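Student: Before I ask anything, here is the structure I am working with.
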Amino acid sequence: MAASSGPSAFGLALSHPLNILMLGAAGVSAVLTGSWLPLAVGAGAELVWLAVGRRLGRGGEFFDFVRRQHQLAERNRGTQARLSQVNEADRRRYLELDRLAQDIQGLVDDAGEVERDMLAPELEKVRRLVEAFLELAARATRYEAFVGETDLDALEAEVRRQGVLVERSSGDDKALAVSNLEVMEARLQRALEVRGLLKSARGQLNLVENTLRLMRDQVASMDDPGHIAGQLDELVRSVEAIEASAKETRELEARARGAALQAGHVST
522 MAASSGPSAF
532 GLALSHPLNI
542 LMLGAAGVSA
552 VLTGSWLPLA
562 VGAGAELVWL
572 AVGRRLGRGG
582 EFFDFVRRQH
592 QLAERNRGTQ
602 ARLSQVNEAD
612 RRRYLELDRL
622 AQDIQGLVDD
632 AGEVERDMLA
642 PELEKVRRLV
652 EAFLELAARA
662 TRYEAFVGET
672 DLDALEAEVR
682 RQGVLVERSS
692 GDDKALAVSN
702 LEVMEARLQR
712 ALEVRGLLKS
722 ARGQLNLVEN
732 TLRLMRDQVA
742 SMDDPGHIAG
752 QLDELVRSVE
762 AIEASAKETR
772 ELEARARGAA
782 LQAGHVST
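According to the working numbering, the sequence shown is numbered sequentially starting from 522.
Okay, here's the thing in structure tokens:
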């Protein structure tokens, strides 16, 4: 499901106190006069506000403020949902990194103007990495659940037994045995891949955490702001590459499962 991009312009307009007052006054006038004219005037004024209000002074500021608040609320809801998907240890690590990001923000705010200008672009990367940590932790938790439910030795033994059965079969029985072997081998391959993905995710979590702690120390000392600026770029690219790879893997799995269902190799 796509995330909401923000409240509609109509919703923003209605949420403004002056708009509510104006529409209320129009409604009261309509009742007292027994005429629809006040409502028509109010509706016309509302349309004018929708058309130009966002572009004019405080009207534009209000629209921007409400939209930012909406986006913040959406992000907080997503964060709470992901926090419920991770184990307690990773939840504590995330909360500590969130506090660390706030410390970095405070240190940059308290720095001189030159340092603030140099480090301001890094603050968004810090926040991006903190949120990426939570996303990676949720993914690692899913991988760990899969690993815990999968007996690798048993899968390997099944593949070996099925391979022997293929060699001993013929005709239609052999074709069925080959199909079963292919499915078993795919399960084994996936089990091995998930173990590799889990190891990679855990390593990336440690890298993100250690890098943010290092940056906090560097910002606190402020020895060389020029060295700090830009040093998160490579890590951000690495995290984004992992996320893109995970998305591609999920899409490939969905297509593979669909093909297997069509072939009748996987029961529904």
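Every residue, glycine too, gets a C-beta built ideally from N, C-alpha and C.
The structure displayed is predicted, hence computed values, not measured ones.
Helix, strand or coil, according to DSSP, for Thr-554 in the structure here?
Tutor: By 1-based counting over the sequence shown, the position of residue 554 is 33. It is helical.
Student: Helix, strand or coil: how does DSSP classify Ala-622 here?
Tutor: The sequence position of residue 622 within the sequence shown is 101, counting from 1. Residue state, collapsed to three classes: helix.
Student: Which class does Val-607 belong to by DSSP, given the choice of helix, strand or coil?
Tutor: Residue mapping note: residue 607 aligns to position 86 of the sequence shown, counting from 1. Val-607: coil per DSSP, three-state reduction.
Student: Given that a residue counts as buried once 16 or more other Cβ atoms are within 10 Å of its Cβ, and exposed if not, what is Asp-611?
Tutor: Taking the first residue of the sequence shown as 1, we reach residue 611 at position 90. With 16 or more Cβ atoms within 10 Å of its Cβ, Asp-611 is classed as buried.
Student: Identify whether Gln-592 lies in helix, strand or coil by the three-state DSSP scheme.
Tutor: In the sequence shown, residue 592 corresponds to position 71, counting from 1. Its pLDDT being 48, under 50, Gln-592 is placed unreliably by the model, and the measurement read from it follows with that caveat. Gln-592 falls in the helix class under three-state DSSP.
Student: For my contact list, Val-629 and Val-740 are in at a C-beta cut-off of 8 Å; report their separation, rounded to the angstrom.
Tutor: For the purposes of this step, residue 629 is identified with residue 108 of the sequence shown, where counting begins at 1. For the purposes of this step, residue 740 is identified with residue 219 of the sequence shown, where counting begins at 1. Right, the Cβ-Cβ distance comes to about 6 Å (below 8 Å), so this counts as a contact.
Student: Using CA coordinates, which residue listed in Lys-695, Glu-656, Leu-644 and Gly-627 is at the minimum distance from Glu-761?
Tutor: Stepping through the sequence shown from its first residue, residue 761 is reached at position 240. Looking at the Cα atoms, Glu-656 is the closest of the given residues.
Student: On a Cα-Cα basis, can you pick out the residue from Asp-624, Thr-554, Asn-608 and Leu-618 that is closest to Phe-742?
Tutor: For this step, residue 742 is matched to residue 221 along the sequence shown. What sits at residue 742 in the sequence shown is Ser, not Phe. The candidate whose alpha carbon is nearest that of Ser-742 is Asp-624.
Student: For Pro-642, tell me which candidate among Gly-669, Phe-654, Gln-626 and Asp-631 has the shortest Cα-Cα distance.
Tutor: Counting from 1 along the sequence shown, the entry for residue 642 is found at position 121. Each of Gly-669, Phe-654, Gln-626 and Asp-631 was checked against the Cα of Pro-642, and the nearest Cα belongs to Gln-626.
Student: In terms of residue numbering, what span does the alpha helix (DSSP H) encompassing Asp-674 cover?
Tutor: For the purposes of this step, residue 674 is identified with residue 153 of the sequence shown, where counting begins at 1. Run containing Asp-674: 673–689, per the alpha helix (DSSP H) assignment.
Student: Which of the three DSSP states, helix, strand or coil, is assigned to Thr-789?
Tutor: In the sequence shown, the residue the question calls residue 789 occupies position 268. Because Thr-789 carries a pLDDT of 35, less than 50, the predicted location of this residue cannot be relied on, and the following value inherits that uncertainty. Thr-789: coil per DSSP, three-state reduction.
Student: Would Phe-667 pass as a contact of Tyr-615 if the rule is Cβ separation under 8 Å?
Tutor: Walking along the sequence shown from the start, residue 667 turns up at place 146. Walking along the sequence shown from the start, residue 615 turns up at place 94. Going by C-beta atoms, Phe-667 is not nearer than 8 Å to Tyr-615.
Student: Just the Cα atoms here: how many angstroms apart are Ala-678 and Arg-648?
Tutor: Within the sequence shown, numbered from 1, the residue matching residue 678 stands at position 157. Within the sequence shown, numbered from 1, the residue matching residue 648 stands at position 127. Cα to Cα, the separation comes out at about 46 Å.
Student: Rounded to the nearest angstrom, how far is the Cβ of Gln-683 from that of Ala-698, given a contact under 8 Å?
Tutor: As a working mapping, residue 683 is identified with position 162 in the sequence shown. As a working mapping, residue 698 is identified with position 177 in the sequence shown. Yes, Gln-683 and Ala-698 are in contact; Cβ-Cβ is about 7 Å, under 8 Å.
Student: Check whether the segment 712–726 and the segment 658–673 touch, using three or more Cβ-Cβ pairs below 8 Å as the test.
Tutor: yes
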